[in-house]
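Under my numbering, think of the first position of the sequence shown as 36, with each following residue one higher.
Yeah, the Cβ is synthetic: ideal placement off N, Cα and C, and Gly gets one too.
Since we're looking at a predicted model, the values are computed, not measured.
Notes to accompany the following structure.
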Amino acid sequence: MGGTAGLARRLGTGDAVLIGLGSMVGAGVFSAFAPAAAAAGAWLLAGLGIAAVVAYANATASAQLAAQYPTSGGTYVYGRERLGPWWGFLAGWAFVVGKTASCAAMALTVAAYAVPPAWQRPVAVGTVLALTAVNLRGVTRTARLTRVVVGIALAALAAVVLAGLAGGDPSWARVTAGDASPGWAGVLQSAGLLFFAFAGYARIATMGEEVRDPARTIPRAIQAALGIAVVVYAVVGGTLLAVLGPGGTAATPAPLSALAEASGWGWVTPVVRVGAVAASLGALLALVAGVGRTTLAMAREGDLPRALAAVHPRFRVPHRAEVALGVVVAVLVATVDLRGAIGFSSFGVLVYYLVANLAALTQDRAHRRFPRALQVLGAAGCVVLAVTLPPAAVLGGAAVLAAGVAVRAVRLRADRAPQ
36 MGGTAGLARR
46 LGTGDAVLIG
56 LGSMVGAGVF
66 SAFAPAAAAA
76 GAWLLAGLGI
86 AAVVAYANAT
96 ASAQLAAQYP
106 TSGGTYVYGR
116 ERLGPWWGFL
126 AGWAFVVGKT
136 ASCAAMALTV
146 AAYAVPPAWQ
156 RPVAVGTVLA
166 LTAVNLRGVT
176 RTARLTRVVV
186 GIALAALAAV
196 VLAGLAGGDP
206 SWARVTAGDA
216 SPGWAGVLQS
226 AGLLFFAFAG
236 YARIATMGEE
246 VRDPARTIPR
256 AIQAALGIAV
266 VVYAVVGGTL
276 LAVLGPGGTA
286 ATPAPLSALA
296 EASGWGWVTP
306 VVRVGAVAAS
316 LGALLALVAG
326 VGRTTLAMAR
336 EGDLPRALAA
346 VHPRFRVPHR
356 AEVALGVVVA
366 VLVATVDLRG
376 AIGFSSFGVL
386 VYYLVANLAA
396 LTQDRAHRRF
406 PRALQVLGAA
416 GCVVLAVTLP
426 PAAVLGGAAV
436 LAAGVAVRAV
446 RLRADRAPQ
């Protein structure tokens, strides 16, 4: 069987929406609100709003490009086609780096909610390996399992919001309690951290070879998944502020567990734990597949080792790319912490969407579905949010991206050298 055989088109709009939700309504909603509240204080919802606006602008660029280029690889392909090979490489490398960090964050969140501290890293490693094996069995099974975990996560979020509003003595006065002037830097850092929880719709754009009628399905699925996620996050964020206040939300790494405890409804706390595990599993499941597809596209073009372009003859998945990803993520979860993984992931994904917006700006009228102003807004938003992330994330992310660019430059020079 050919190593670059095409993937099977099995998924409809509903499957694509659920896979996008599986990437978005994951660890972010359970872990990102605490550091975001610490940065923005009473202005947490402003940070959420900014993140949502930037995410929507980015989604329009992704949807518009996906309709013209219905193939695997997302902005890696769009950047190559619209801007040139170097831009495509930057987008693909940023996606692989950022989403690999996202995978580590998902696995660490699963372990944090599921087991005591002493067992968390071994369980996180085991989770990565198990879900890599699920993806290797084919995308149809991935879609079916994602339906289950997204349903569990949404049910848990509904339960904790209901408990908080009914039993937690909510007061909108708490929303404005504490420091009312965190400054724009704090609000923008909050938005950058919360962007981590929105970025999963990129997974849909990487599925161009696996959905039916991708020119229509991908744009619809991206917008639907993003719209649902915005509503869910706004309700959860508002409830946290109304019951815990900005200080209480920032004081704990698990604010939804604190919300459940504040409600006085004892049965809700274990429900939240189950929901956090299910949501994080759903996100990890979708992300492993998405990073694998981008790795496949980059390997086909020679930007990563060509051996990673192999597609399994039976299950029609990029099995070598996904196995390599599983190994790298397993190493990461054994060595990094959750907060660092979130910041690093946000930086890489914001660079990815910067390239997407720049690529969409070059499309002609025949392929344009949204105003150019949205892509200008998206590009500017990506730059601003990226540079206002925690300094360690900015410096570390920039260093890894620069290293990838340097390695590619050396390889290209070696290829041009006379033999």
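Exercise. Say the cut is 6 Å; is the CB of Val386 nearer than that to a heavy atom of the ligand FAD?
Worked result: Ligands in the displayed structure: none, and consequently the ligand FAD is not present.
For this session: For Leu166, name the three-state secondary structure that DSSP assigns.
Result: DSSP places Leu166 within a helical segment (H, G or I) once states are collapsed to three.
Exercise. How about Trp300 and Gly202: do their beta carbons lie closer than 7 Å?
Worked result: Contact: yes.
Exercise. Ordered along the chain, which non-local residues of its own chain (more than five positions away) have a Cβ less than 6 Å from that of Val246?
Worked result: If the five residues before and after Val246 are omitted, its C-beta is found closer than 6 Å to the C-beta atoms of Leu46, Ala51 and Thr252, all from its own chain and listed in chain order.
Exercise. Does the beta-carbon distance from Gly144 to Ser315 come in below 7 Å?
Worked result: The residue asked about is misnamed: residue 144 is Thr in this sequence, not Gly. Going by C-beta atoms, Thr144 is nearer than 7 Å to Ser315.
For this session: Compare the C-alpha of Val411 against each of Val364, Trp219, Ala147 and Thr95 and name the closest.
Result: Comparing alpha carbon positions, the residue from Val364, Trp219, Ala147 and Thr95 closest to Val411 is Thr95.
Problem set entry | Residue ranges of each alpha helix (DSSP H) within the stretch 178 to 213, 4 or longer | The alpha helix (DSSP H) runs lying completely inside the stretch 178 to 213 and spanning 4 residues or more number zero.
Exercise. What first and last residue would you give for the alpha helix (DSSP H) that runs through Pro120?
Worked result: Unbroken alpha helix (DSSP H) run through Pro120: Pro120 to Ala149.
For this session: Within the same chain, show all residues whose beta-carbon is closer than 8 Å to that of Thr287, passing over the 5 residues directly before and after it, in chain order.
Result: Apart from the 5 residues on each side of it in sequence, Thr287 sits with its Cβ closer than 8 Å to the Cβ of Ala69 and Ala293 in its chain, given in chain order.
Problem set entry | Ala284: first and last residue of the uninterrupted alpha helix (DSSP H) it sits in | With the sequence shown as reference, residue 284 is identified as Thr, and Ala is not the correct amino acid for it. Taken as a continuous stretch (DSSP letters only), the alpha helix (DSSP H) holding Thr284 covers Pro249 to Ala285.
Exercise. When the Cα atoms are used, what is the spatial distance from Leu320 to Val419?
Worked result: A direct Cα-to-Cα measurement between Leu320 and Val419 gives close to 30 Å.
Problem set entry | Residue range of the alpha helix (DSSP H) that includes Gly301 | Premise fails: Gly301 is in no alpha helix (DSSP H) and is neither H nor E.
Exercise. Near Ser298, which residues of its chain fall below 6 Å by C-beta distance, leaving aside the five closest residues on each side in sequence?
Worked result: The beta carbon of Ser298 sits closer than 6 Å to the beta carbons of Ala198, Gly199, Gly202 and Gly203 from its chain, once the five residues preceding and following it are set aside; these are given in chain order.
Exercise. CA-CA distance, Gly227 and Pro348?
Worked result: If I take the Cα positions, the gap works out to 41 Å.
Exercise. Applying the criterion that 16 or more other CB atoms from any shown protein chain within 10 Å of the CB defines a buried residue, is Trp219 buried or exposed?
Worked result: Of the residues assessed, Trp219 falls on the exposed side of the cut-off, its CB having fewer than 16 other CB atoms within 10 angstroms.
Problem set entry | Same chain, Cβ closer than 8 Å to Ala295, five either side skipped, listed in chain order | Short of 8 Å from the beta carbon of Ala295, and not among the five residues preceding or following it, lie these beta carbons of its own chain, in chain order: Val195, Ala198, Gly199, Val303, Thr304, Val306 and Val307.
Problem set entry | Residue(s) in a DSSP beta bridge with Leu373 | DSSP, once it has assigned bridges, lists no residue as partnering Leu373.
Problem set entry | Rounded straight-line distance, which links the Cα of Val266 to that of Ala259 | Whole-angstrom Cα-Cα distance: 11 Å.
For this session: Would you grab the beta carbon distance between Leu339 and Val185 for me? Rounded to a whole angstrom, and I think it's under 8 Å.
Result: Not a contact, Cβ separation roughly 30 Å.
Exercise. Buried or exposed: which applies to His402, given that a residue is buried once 16 or more other Cβ atoms fall within 10 Å of its Cβ?
Worked result: The residue is exposed, with fewer than 16 neighbouring Cβ atoms inside 10 Å.
Exercise. At what residues does the alpha helix (DSSP H) containing Arg349 begin and finish?
Worked result: For Arg349, there is no enclosing alpha helix (DSSP H), since its DSSP letter is neither H nor E.
Exercise. Contact between the stretch 352 to 371 and the stretch 153 to 168: three or more CB pairs below 8 Å?
Worked result: Counting Cβ pairs under 8 Å, three or more are found: they touch.
For this session: Check whether the stretch 145 to 152 touches the stretch 117 to 136, counting contact only when three or more Cβ pairs, one atom from each stretch, lie closer than 8 Å.
Result: Contact annotation: the stretch 145 to 152 does not touch the stretch 117 to 136, with fewer than three C-beta pairs closer than 8 Å.
Problem set entry | Anticipated Cβ contact below 8 Å, Val222 with Ala433, distance rounded | With a Cβ gap of about 23 Å, Val222 and Ala433 do not count as contacting.
Exercise. Quick one, which of Ala90, Thr370 and Arg335 has its alpha-carbon nearest Gln155's?
Worked result: Ranking the options by Cα distance to Gln155, first place goes to Thr370.
For this session: Measure the CB-CB distance between Val384 and Ala234 and report whether it falls below 7 Å.
Result: Yes, the pair counts as a contact, with Cβ atoms nearer than the cut-off.
Problem set entry | Residues that DSSP places opposite Leu320 in a beta bridge | Checking the DSSP bridge columns, you'll see Leu320 has no partner listed.
Exercise. Taking the alpha helix (DSSP H) that Ala220 falls in, what are its first and last residues?
Worked result: Its alpha helix (DSSP H) spans residues Gly218 to Phe233.
Exercise. What did DSSP end up calling Val246 once you bin it into helix, strand or coil?
Worked result: Looking at Val246 - three-state DSSP - the assignment turns out to be strand.
Problem set entry | Residue from Pro281, Ala449, Ala376 and Phe124 with nearest C-alpha to Ala77 | Of the listed residues, the one whose Cα sits closest to Ala77 is Pro281.
Exercise. Helix, strand or coil: how does DSSP classify Leu393 here?
Worked result: Three-state DSSP puts Leu393 in a helix.
Problem set entry | C-beta atoms of Tyr104 and Gly127 nearer than 7 Å | No; because the gap between Cβ atoms is not below 7 Å, this pair is not in contact.
Problem set entry | Helix, strand or coil at Arg176 according to DSSP, with G and I counted as helix | Confidence at Arg176 is low in this model, with a pLDDT of 49, below 50, so the placement of that residue should be treated as unreliable; the coordinate-derived value is given next. Per DSSP, reduced to three states, the secondary structure at Arg176 is helical.
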